[in-house]
Amino acid sequence: MHSPNSFGPVAFWAFHHLVSLRTTWIVALRAPVTLQDKNGSTMLHHAAILYNRLDPEDQNGHRWIRLVMLVLLNRGVHVAVRDCWGRTARDLTLSKTQEALFSELNEDTTTNAETYRNFEETSPDLYELREIIDPATQAMLKPHQLIDRRVAQLVSMNSITAIELLLVHSYDAIHEAKMGFPEPRTATQIAANKCHTELLGLLKNIDTYQADVIQLQRAVRDGDDKTFSRLVPEGMLMWSLDWRGRNLLHLAVLYRQSSMSLRLVDLCPNLAESKDSLGRTPLHYAICLPDNRSLFLKMAGQLNGVYKEQKDFNGMTITAYGEFYEAGVPEYRNLILSERRLSKPNWVLNRVSHDEVTDSNAFKVNQRSNEAAEEKPKMSAGHCSLEKTASTVNIPTEVNSLAFPAPGAFHLVQLQKHRTTLK
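Throughout the sequence shown, residue numbering follows mature numbering (1 follows the signal peptide of the UniProt record, and there is no 0), covering -23 to -1, 1 to 400 in sequence.
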């Protein structure tokens, strides 16, 4: 359900900075985790943004926001979803905006104190906090550590399919995932200790796997049939996404590779229903090609018809895209060219580690990256704004491979083992 003049489904209003975090937590418990606002952001992205608006002294706020993120992760939200500029929710939690704002407030007394949200008055149930406490230090886990722990659980459960899905969606923090007590173990160590041989081999060859993803995407853009035929049978590469959430069929259409587009439709028809970071399917782009709808009609015929009322995240149907294109609206006339001109922001190409960014310069780094990204949205219709992020597609599966069990049982077993050893 969408509310008038809102930025997406009504559930996202619970992440407004004026709403009580207890209400936000209740919505996170009940709203579908696949919800995305008009720019494609998931609730996990919004939770990360709320985290950056918390005052460092707001203890209740920090507890609640961790519980919100924990609920979303336990319910199976996809951690590899990226926004318009390639940021996952984990990237947003590491932006250090919170520390930078606190520094700004101390250095400049004229700064508006309302930059932070108001202190949260309600306190969560102490029993609910058991999953966000580090058993070794008894301190609250940081938001990015909660996400890392979920990825480590996938490795512990030998979920090869889920790990491959993260890889083809360009998730680049698998090696940073840790879990265990009293000494946290990396994903590779967990796989080795549990004798997950196949998964261990995959983790040791992550760089090669990601290189194959890039090579396959380049082959689709260039129409390289030989490379495409060699790489497609490998694992889940068919479902690979670029930094804008565009799948292989998106790229084939955007780069006007007609034969490659029809081949992809024949191999995997579901790619035609997959959405990019703005909720557009390949058919939204195909109908805006300057070829008198030739490719669109061929794809529609090969798919035995298409549902032209399918909407993007802004509520625009495929039919509307075609009508605006025929009417000569510049944004839609230049849609294909604009999307092809978009390039990865510099901060995506040169990712800065959380440990390498200092509190004094973090705000300037974020500000520069946002200013650079500000120029990009003008190139395409339904663009993203700085305040509202966009995300990627959801691959239709019968079973949600990213649904995680509660980690408390694992910690209890580990604690019991050490107690037995000490006795």
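Cβ coordinates follow ideal geometry from the N, Cα and C atoms, glycine included.
Just to confirm, are arginine 126 and alanine 150 a CB contact at a threshold of 9 angstroms? Position 149 of the sequence shown, counted from the first residue, corresponds to residue 126. Position 173 of the sequence shown, counted from the first residue, corresponds to residue 150. It is not a contact, given that the beta carbons lie outside the stated cut-off.
Do alanine 169 and alanine 129 have their C-beta atoms closer together than 9 angstroms? Counted from its first residue, the sequence shown places residue 169 at position 192. Counted from its first residue, the sequence shown places residue 129 at position 152. Going by C-beta atoms, alanine 169 is not nearer than 9 angstroms to alanine 129.
Given that a residue counts as buried once 16 or more other Cβ atoms are within 10 Å of its Cβ, and exposed if not, what is lysine 181? Stepping through the sequence shown from its first residue, residue 181 is reached at position 204. Counting Cβ neighbours within 10 Å, lysine 181 comes out exposed, since fewer than 16 surround it.
From the DSSP output, in three-state form, read off proline 120 for me. Along the sequence shown, one-based indexing puts residue 120 at 143. Here proline 120 sits in helix by DSSP.
Bridge-paired residues (DSSP) for lysine 155: Counting from one through the sequence shown, the residue named residue 155 turns up at place 178. Bridge partners of lysine 155: Thr163.
Report yes if the C-beta distance between proline 101 and arginine 40 is below 9 angstroms; otherwise report no. Start at 1 with the first residue of the sequence shown, and residue 101 comes out as number 124. Start at 1 with the first residue of the sequence shown, and residue 40 comes out as number 63. A contact, by the Cβ cut-off of 9 angstroms.
Pick out whichever of Leu27, Ala66, Arg198 has its Cα sitting closest to the Cα of leucine -3. Mapped onto the sequence shown, residue -3 falls at position 21. Considering only alpha carbons, the answer is Leu27.
May I ask you to check if the CB of alanine 8 is nearer than 8 angstroms to at least one heavy atom of the ligand SAM? Questions concerning the ligand SAM fall outside what the structure shown contains, since it holds no ligand whatsoever.
Assigned exposure category for valine 197 - 16 Cβ within 10 Å defines buried: The count along the sequence shown starts at 1 and reaches residue 197 at position 220. Buried, by the Cβ-count rule.
Are the CB atoms of leucine 228 and methionine 276 within a distance shorter than 9 angstroms? Residue numbering aside, residue 276 sits at position 299 when the sequence shown is read from its first letter. Residue numbering aside, residue 228 sits at position 251 when the sequence shown is read from its first letter. Against a cut-off of 9 angstroms, the Cβ pair of leucine 228 and methionine 276 comes out as no contact.
Given that a residue counts as buried once 16 or more other Cβ atoms are within 10 Å of its Cβ, and exposed if not, what is phenylalanine 290? Locating residue 290 in the sequence shown gives position 313, where the first residue counts as 1. It is buried - the Cβ of phenylalanine 290 has at least 16 other Cβ atoms within 10 Å.
Would you mind sorting glutamine 234 into buried or exposed? The rule is 16 or more other CB atoms within 10 Å of its CB. For this step, residue 234 is matched to residue 257 along the sequence shown. Buried, since its Cβ has 16 or more Cβ neighbours within 10 Å.
Rounded C-alpha distance that separates threonine 92 from threonine -1: Locating residue 92 in the sequence shown gives position 115, where the first residue counts as 1. Locating residue -1 in the sequence shown gives position 23, where the first residue counts as 1. Near 21 angstroms, if we compare the C-alpha coordinates of threonine -1 and threonine 92.
Only counting runs of 4 or more residues, tell me where the alpha helix (DSSP H) segments fall wholly within the region 213 to 278, in order along the chain. 225 to 231, 235 to 244, 259 to 263
Check each candidate in Leu143, Tyr148, Asn135 and name the one with the smallest Cα separation from isoleucine 167. Counting from one through the sequence shown, the residue named residue 167 turns up at place 190. That would be Asn135, whose Cα lies nearest to the Cα of isoleucine 167.
Applying the criterion that 16 or more other CB atoms from any shown protein chain within 10 Å of the CB defines a buried residue, is phenylalanine -9 buried or exposed? As a working note, residue -9 is residue 15 in the sequence shown. With 16 or more other Cβ atoms within 10 Å, it is buried.
Does the beta-carbon of alanine 263 have 16 or more other beta-carbons within 10 angstroms, so that it is buried, or is it exposed? Along the sequence shown, one-based indexing puts residue 263 at 286. Alanine 263 is buried by the Cβ-count criterion.
Between the region 50 to 61 and the region 3 to 18, do at least 3 Cβ pairs fall closer than 8 angstroms? yes
Serine 133 versus Glu108, Gly222, Met156, Gln287, residue with shortest Cα-Cα distance: The residue labelled residue 133 in the question sits at position 156 within the sequence shown. Serine 133 has its Cα closest to that of Met156, out of Glu108, Gly222, Met156, Gln287.
Pull up the distance between the alpha-carbon of leucine 379 and that of leucine 274, whole angstroms please. As a first step, residue 379 is located in the sequence shown; it is residue number 402 there, counting from the start. As a first step, residue 274 is located in the sequence shown; it is residue number 297 there, counting from the start. Reliability of the predicted coordinates at leucine 379 is poor, the pLDDT of 40 falling under 50, and the value obtained from them is presented with this limitation in mind. C-alpha separation (whole angstroms): 36 angstroms.
Determine the closest residue to aspartate 199 out of Pro246, Asp184, Thr174, Leu225, with distance taken between C-alpha atoms. As a working mapping, residue 199 is identified with position 222 in the sequence shown. Closest by alpha carbon: Leu225.
Would the beta-carbon of isoleucine 295 fall within 9 angstroms of that of leucine 266? Along the sequence shown, read from residue 1 onward, the residue named residue 295 stands at position 318. Along the sequence shown, read from residue 1 onward, the residue named residue 266 stands at position 289. Their beta carbons are not under 9 angstroms apart, which means isoleucine 295 does not touch leucine 266 by this criterion.
Just the Cα atoms here: how many angstroms apart are threonine 114 and threonine 70? Within the sequence shown, residue 114 is the residue found at index 137, counting from 1. Within the sequence shown, residue 70 is the residue found at index 93, counting from 1. One C-alpha to the other measures close to 21 angstroms.
Within 10 angstroms of the Cβ of asparagine 29, are there 16 or more other Cβ atoms? Answer buried if so, exposed if not. Walking along the sequence shown from the start, residue 29 turns up at place 52. Label assigned to asparagine 29: buried.
Option nearest aspartate 68 by Cα separation, candidates Gln122, Asn51, Asp35: Within the sequence shown, residue 68 is the residue found at index 91, counting from 1. If we check each option's Cα against that of aspartate 68, Gln122 comes out closest.
So tryptophan 220 and serine 147 are in contact, right, with Cβ under 8 angstroms, and what is the actual spacing, rounded? By one-based count along the sequence shown, residue 220 stands at place 243. By one-based count along the sequence shown, residue 147 stands at place 170. 7 angstroms between Cβ atoms; contact.
Quick check on this structure: which residue in Thr11, Thr99, Asn37 has the alpha carbon closest to the alpha carbon of valine 56? Indexing the sequence shown from 1 puts residue 56 at position 79. Considering only alpha carbons, the answer is Thr11.
If you run the structure through DSSP and keep just helix, strand and coil, what is proline -15? Stepping through the sequence shown from its first residue, residue -15 is reached at position 9. The answer is strand: DSSP assigns proline -15 an E or B state.
Sort Glu250, Leu144, Val54 by Cα distance to tyrosine 284 and report the nearest one. As a first step, residue 284 is located in the sequence shown; it is residue number 307 there, counting from the start. Of the listed residues, the one whose Cα sits closest to tyrosine 284 is Glu250.
Taking the C-alpha atoms as reference points, what is the distance between glutamine 287 and lysine 203? Here residue 287 corresponds to residue number 310 of the sequence shown, with the count starting at 1. Here residue 203 corresponds to residue number 226 of the sequence shown, with the count starting at 1. If I take the Cα positions, the gap works out to 34 angstroms.
Just verifying my parser: in three-state terms, what is the DSSP assignment at threonine 294? Stepping through the sequence shown from its first residue, residue 294 is reached at position 317. Threonine 294: strand per DSSP, three-state reduction.
Less than 7 angstroms between C-beta atoms, sequence neighbours within five positions excluded: which residues of the same chain meet that for serine 271? Position 294 of the sequence shown, counting from 1, holds the residue named residue 271. Hits under 7 angstroms: none found.
Local conformation of alanine 304 per DSSP, three classes: Position 327 of the sequence shown, counting from 1, holds the residue named residue 304. Alanine 304 falls in the coil class under three-state DSSP.
Excluding sequence positions up to five away, which residues of its chain have a Cβ less than 7 angstroms from the Cβ of leucine 214? As a first step, residue 214 must be located in the sequence shown, where it is residue number 237. Around leucine 214: Val145, Asp189, Val190, Leu193, Leu208.
In the structure shown, what three-state DSSP assignment does lysine 288 receive? The residue given as residue 288 occupies position 311 in the sequence shown. If DSSP states are grouped into helix, strand and coil, lysine 288 belongs with the strands.
In this structure, what does DSSP give as the bridge partners for glutamate 110? Here residue 110 refers to the residue found at position 133 when the sequence shown is read from its first residue. A small correction: the amino acid at residue 110 is isoleucine; glutamate does not occupy that position in the sequence shown. Bridge partners of isoleucine 110: Met117.
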